[in-house]
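Participant: Those letters in the sequence shown? Residues 1 to 343, per full-length UniProt numbering, in order.
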Amino acid sequence: MPQQQPPAVSVIMPVLNEERHLRNAVRHILEQEYAGEMEVVIALGPSADRTDEIAAELVAEDARVHTVPNPTGRTPAALNAAIKASRHPIVVRVDGHGMLSPNYIATAVRLLEETGAANVGGIMHAEGENAWEDAVAAAMTSRIGVGNAAFHTGGQAGPAETVYLGVFRREALEQQGGYNEEFIRAQDWELNFRIREAGGQIWFSPELRVQYRPRPSVKALAKQYKDYGKWRHVVARYHAGSINLRYLAPPTAVCAIAAGLVVGAAVTPWGLVVPAGYLAAIAAGSVPAGKGLSLKARAQIPLALATMHMAWGAGFLTSPRSLARRVIASRRPAVLAPAGGGE
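#1: In whole angstroms, what is the alpha-carbon distance linking residue 235 and residue 190?
#2: Sorted by chain position, which residues of the same chain lie with C-beta nearer than 6 Å to residue 181's C-beta, five sequence neighbours on each side aside?
#3: Would you mind sorting residue 80 into buried or exposed? The rule is 16 or more other CB atoms within 10 Å of its CB.
#4: Taking its Cβ as the centre, do 16 or more other Cβ atoms sit within 10 Å of residue 321, making it buried, or is it exposed?
#5: Could you round the C-beta distance between residue 346 and residue 136 to whole angstroms and report it? I think they count as a contact, below 8 Å.
#6: Would you please state the rounded distance, in angstroms, between the beta carbons of residue 46 and residue 71? I believe it to be under 8 Å.
#7: Within 10 Å of its beta-carbon, does residue 226 have 16 or more other beta-carbons around it, so buried, or fewer, so exposed?
#8: In the DSSP assignment, what are the bridge partners of residue 67?
#9: Should residue 288 go down as buried or exposed, given a rule of 16 or more other Cβ atoms within 10 Å for buried?
#10: In three-state DSSP terms, what is residue 211?
#11: Between residue 86 and residue 12, which are expected to be in contact by the criterion C-beta below 8 Å, what is the C-beta distance as a whole number of angstroms?
#12: Could you tell me which uninterrupted alpha helix (DSSP H) segments, each at least 4 residues in length, are contained entirely in the stretch 251-293, listed from first to last along the chain?
#13: What three-state label does DSSP hand residue 126 in the structure shown?
#14: In terms of residue numbering, what span does the alpha helix (DSSP H) encompassing residue 313 cover?
#15: Just the C-alpha distance for residue 300 and residue 131, rounded to the nearest angstrom, thanks.
#16: Is residue 229 near the ligand FAD - that is, is its Cβ less than 6 Å away from at least one heavy atom of it?
#17: Less than 7 Å separating the beta-carbons of residue 334 and residue 198?
#18: Which whole-angstrom value describes the C-beta separation of residue 194 and residue 89, a residue pair presumed to lie in contact below a C-beta threshold of 8 Å?
#19: Is there contact between the stretch 301-312 and the stretch 270-289, where contact requires at least three CB pairs shorter than 8 Å?
#20: For the alpha helix (DSSP H) that residue 322 lies in, which residues bound it at each end?
#21: Among 69, 37, 314, which residue has its Cα nearest to the Cα of residue 52?
#22: Can residue 167 and residue 274 be called in contact, C-beta distance under 7 Å?
#23: Check each candidate in 216, 239, 211, 55 and name the one with the smallest Cα separation from residue 345.
#24: Determine the DSSP secondary structure at residue 202, reduced to helix, strand or coil.
#25: Less than 7 Å between the beta carbons of residue 32 and residue 83, yes or no?
#26: Among the candidates 305, 268, 43, 192, whose CA atom is the shortest distance from the CA of residue 146?
#27: Quick check on residue 18: buried or exposed, where buried means 16 or more other Cβ atoms within 10 Å of its Cβ?
#28: By the three-class DSSP mapping on this structure, what secondary structure does residue 90 have?
#29: To the nearest angstrom, how far is it from the Cα of residue 294 to the Cα of residue 125?
#30: Given residue 324, which residues of its chain have a CB within under 8 Å of its CB, disregarding the five upstream and five downstream residues?
#31: What is the residue span of the beta strand (DSSP E) that residue 164 lies within?
#32: Output needed for residue 200: all residues of its chain with C-beta closer than 6 Å, excluding positions within five of it in sequence on either side, in chain order.
#33: Classify residue 335 as helix, strand or coil using the three-state DSSP reduction.
#34: Does the distance from the C-beta atom of residue 9 to that of residue 38 stay below 7 Å?
#35: Quickly, what does DSSP pair residue 159 with across the bridge? List them, please.
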């Protein structure tokens, strides 16, 4: 009896200013160890570098690669445009600086079949290309950097609230109407929330790994994490009960350090114990995080940790209520599968 052909797969990729990594990211897709049919749909934002030129070269080189415009430059709009332009029953989300492991798609398709999940995802495996990026990668994969987030640090396979990127059944995406485009960040969490509300399962597996390239400078890292903090507060206002101690740690640290500096400068030097204690903690935590790295990279881990914590905390504390009100006004109720239907 002939072996059944694996399901065809659409890989969707939102890109903006990705000239450094785009070609390599697409190569990791096209070289997947997967026997099924595949297409790659790249949604092009208004880049200021050579991203569009590289994308055009990729289209010319391989008939499986296509592009669609994303004039807003916003990630959820790019994802929706790519979903609409794609055609296969399995939809794989990849970012322009994400490198799939060789059997990523085959493993994800198997897990969808085994678990019955609507979406499966795995580990965001940060890896740098220089000392600074190595330091950021170490911070992003350490518990002192990101707490117990399984998609950063690993963990047991099982149901999850959300996962990194994701490999979806198309019917789950179409049933929910795709991504909510008001969520400039945290759009994965919001979509997975609706899928779970509708009775679908989100599945995390450490078998799935995506190599991720960290931001190349302190400024870029700070902006990234400030945005993360700002949008995490939007999520907390959008969905009461979604916050936990891990998310409250950075804003608490920002407030405590600021208060300690003020008290230390204006009242008593004892106030400086708090910021000094924080610095000692991240210095100590960077030692195991930097195991195996160069001395230059290890020396920069405390800076990477402090940037992530302080920027995330500041973003959370300054997240405007007006942003949350606008997002809440765009709330989409979860759409249940028709009776007798489903996955």
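Glycine is no exception: its CB is placed at the ideal position from the N, C-alpha and C atoms.
Facilitator: According to the structure shown:
#1: In the sequence shown, residue 235 corresponds to position 235, counting from 1. In the sequence shown, residue 190 corresponds to position 190, counting from 1. Taking the straight line joining both Cα atoms gives about 8 Å.
#2: Walking along the sequence shown from the start, residue 181 turns up at place 181. So the qualifying residues of the chain are 76, 77.
#3: Counted from its first residue, the sequence shown places residue 80 at position 80. With 16 or more Cβ atoms within 10 Å of its Cβ, residue 80 is classed as buried.
#4: Within the sequence shown, residue 321 is the residue found at index 321, counting from 1. Looking at its Cβ environment, which holds fewer than 16 other Cβ atoms inside 10 Å, residue 321 is exposed.
#5: Past the edges of the chain, shown from 1 to 343, lies residue 346, and the structure says nothing about it.
#6: In the sequence shown, the residue the question calls residue 46 occupies position 46. In the sequence shown, the residue the question calls residue 71 occupies position 71. Going by Cβ atoms, the distance from residue 46 to residue 71 rounds to 6 Å, so yes, they are a contact pair.
#7: Here residue 226 corresponds to residue number 226 of the sequence shown, with the count starting at 1. It counts as buried.
#8: Translated into the one-based positions of the sequence shown, residue 67 becomes position 67. According to DSSP, residue 67 bridges with 42.
#9: Indexing the sequence shown from 1 puts residue 288 at position 288. Its Cβ having fewer than 16 others within 10 Å, residue 288 is exposed.
#10: Translated into positions along the sequence shown, residue 211 becomes position 211. In the structure shown, residue 211 sits in a strand (DSSP, three-state: E or B).
#11: Locating residue 86 in the sequence shown gives position 86, where the first residue counts as 1. Locating residue 12 in the sequence shown gives position 12, where the first residue counts as 1. Residue 86 to residue 12, Cβ: 6 Å. Contact.
#12: 273-289
#13: As a position in the sequence shown, residue 126 is number 126, starting the count at 1. Strand.
#14: In the sequence shown, residue 313 corresponds to position 313, counting from 1. Its alpha helix (DSSP H) spans residues 295-318.
#15: Within the sequence shown, residue 300 is the residue found at index 300, counting from 1. Within the sequence shown, residue 131 is the residue found at index 131, counting from 1. Cα to Cα, residue 300 sits roughly 8 Å from residue 131.
#16: This structure simply doesn't include the ligand FAD, nor any ligand for that matter.
#17: Within the sequence shown, numbered from 1, the residue matching residue 334 stands at position 334. Within the sequence shown, numbered from 1, the residue matching residue 198 stands at position 198. Cβ distance < 7 Å, so residue 334 and residue 198 count as in contact.
#18: On the sequence shown, position 194 is the one that residue 194 refers to. On the sequence shown, position 89 is the one that residue 89 refers to. Incorrect: roughly 20 Å between the Cβ atoms, too far for contact.
#19: yes
#20: For the purposes of this step, residue 322 is identified with residue 322 of the sequence shown, where counting begins at 1. Run containing residue 322: 321-329, per the alpha helix (DSSP H) assignment.
#21: Counted from its first residue, the sequence shown places residue 52 at position 52. Per the Cα distances, 69.
#22: Within the sequence shown, the letter at position 167 stands for residue 167. Within the sequence shown, the letter at position 274 stands for residue 274. Cβ distance not < 7 Å, so residue 167 and residue 274 don't count as in contact.
#23: Only positions 1 to 343 of the chain appear in this structure, which leaves residue 345 out of reach.
#24: The residue labelled residue 202 in the question sits at position 202 within the sequence shown. In the structure shown, residue 202 sits in a strand (DSSP, three-state: E or B).
#25: Residue 32 sits at position 32 when you count from the first residue of the sequence shown. Residue 83 sits at position 83 when you count from the first residue of the sequence shown. Against a cut-off of 7 Å, the Cβ pair of residue 83 and residue 32 comes out as no contact.
#26: Here residue 146 corresponds to residue number 146 of the sequence shown, with the count starting at 1. The candidate whose alpha carbon is nearest that of residue 146 is 305.
#27: If you number the sequence shown from 1, residue 18 lands on position 18. Residue 18 should be labelled buried.
#28: Mapped onto the sequence shown, residue 90 falls at position 90. DSSP places residue 90 in strand when its eight states are reduced to three.
#29: The residue labelled residue 294 in the question sits at position 294 within the sequence shown. The residue labelled residue 125 in the question sits at position 125 within the sequence shown. Roughly 19 Å between the two C-alpha positions.
#30: As a working note, residue 324 is residue 324 in the sequence shown. Contacts found: 233, 234, 237, 238.
#31: The sequence position of residue 164 within the sequence shown is 164, counting from 1. Note, residue 164: beta strand (DSSP E), 164-169.
#32: By 1-based counting over the sequence shown, the position of residue 200 is 200. Counting only Cβ-Cβ distances below 6 Å, and skipping sequence neighbours, we find 118, 172.
#33: Translated into positions along the sequence shown, residue 335 becomes position 335. Residue 335: coil per DSSP, three-state reduction.
#34: By one-based count along the sequence shown, residue 9 stands at place 9. By one-based count along the sequence shown, residue 38 stands at place 38. In contact: residue 9 and residue 38 (Cβ atoms closer than 7 Å).
#35: Stepping through the sequence shown from its first residue, residue 159 is reached at position 159. In the DSSP output, where bridge partners are listed per residue, residue 159 has 203.
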